[in-house]
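Please read the structure below before turning to the comments.
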Amino acid sequence: MKTRPTFSLFATYWKDCPGFARDAESVLSYTLSHIVRMEVAKLREYEEQLRSESEETCRIDWNSLSRRGGRVDQPKRTEFLQLADIAASATFKAFDQDKYGNTERRYLENLHPRLYRRGASALTSYGLKMHPWNDNTKAAYPWVTGLGAHVERL
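Numbering (the working numbering), first residue to last: 4 to 157.
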């Protein structure tokens, strides 16, 4: 399951939201898009696994997320999941090679000014997680650093 960066991003965004960051009683509830064979019980197991990890291996601020955990729903019933699917699809197409080795970066390049980043930091600091983000992946995807920090916020 590849939701750890998603939980981390939710918790970080919630803490950074104006008006909420200093309100210790505000917590974020979250909804994940339904995936075939993804049951809420599996989500609860995964959340518990992440909660049991040390702060060094799991940097999710659990105090920012609802203790009841997330829920699973269909994008056709939850509009914000449709937006999340747009971002996920744009990112997928930017890295997924077709049979000729081509990718389609335009969707992500056009969408990136609207993706979350903390303050004036680069998109890869919070809004787009690259795993691993090391010298090899930076060399393989040099265009990602072009999705930089100096973007006029809309």
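Glycine included, each C-beta is placed from N, C-alpha and C at the ideal position.
Computed from a prediction, not measured in an experiment: that's the story for all the values here.
Item	Value
With H, G and I counted as helix, E and B as strand and the rest as coil, what does DSSP make of ARG25?	Reliability fails at ARG25, whose pLDDT of 47 lies under 50, so the model's placement of it is uncertain and no value is given.
Just to confirm my understanding: we take CYS61, look at its own chain, exclude 5 residues before and 5 after, and list those with CB closer than 6 angstroms. What are they?	LEU53
How is SER32 classed by DSSP in three states: helix, strand or coil?	coil
Do you know how far the Cα of GLY72 is from the Cα of TRP65?	10 angstroms
Can the beta-carbon of ALA158 be found less than 8 angstroms from the beta-carbon of LEU111?	The chain is shown only over 4 to 157; residue 158 falls outside these bounds and no answer can be derived.
So, is ALA24 buried or exposed, given that buried needs 16 or more other C-beta atoms within 10 angstroms?	Because the pLDDT at ALA24 is just 48, under 50, the model does not fix this residue reliably, and the value given afterwards should be weighed accordingly. Burial call: exposed.
What ranges does the alpha helix (DSSP H) occupy inside the region 25 to 95, keeping only unbroken runs of at least 4 residues that lie completely in it?	43 to 55
Three-state secondary structure (DSSP) at ALA125?	coil
Once the 5 residues before and after MET41 are set aside, which same chain residues still bring their CB inside 7 angstroms of it?	VAL75
Could you check which residue in GLU50, ILE38, ARG108, TYR119 has the C-alpha nearest to that of SER69?	GLU50
May I have the straight-line CA-CA distance separating ASN139 from LEU114, to the nearest angstrom?	25 angstroms
Tell me whether ALA142 is buried or exposed, calling it buried when 16 or more other Cβ atoms sit within 10 Å of its Cβ.	exposed
So THR140 is in the alpha helix (DSSP H); what residue range does that whole segment cover?	138 to 143
Do THR34 and LEU84 have their CB atoms nearer than 8 angstroms?	yes
In whole angstroms, what separates the C-alpha of THR94 from that of LEU46?	23 angstroms
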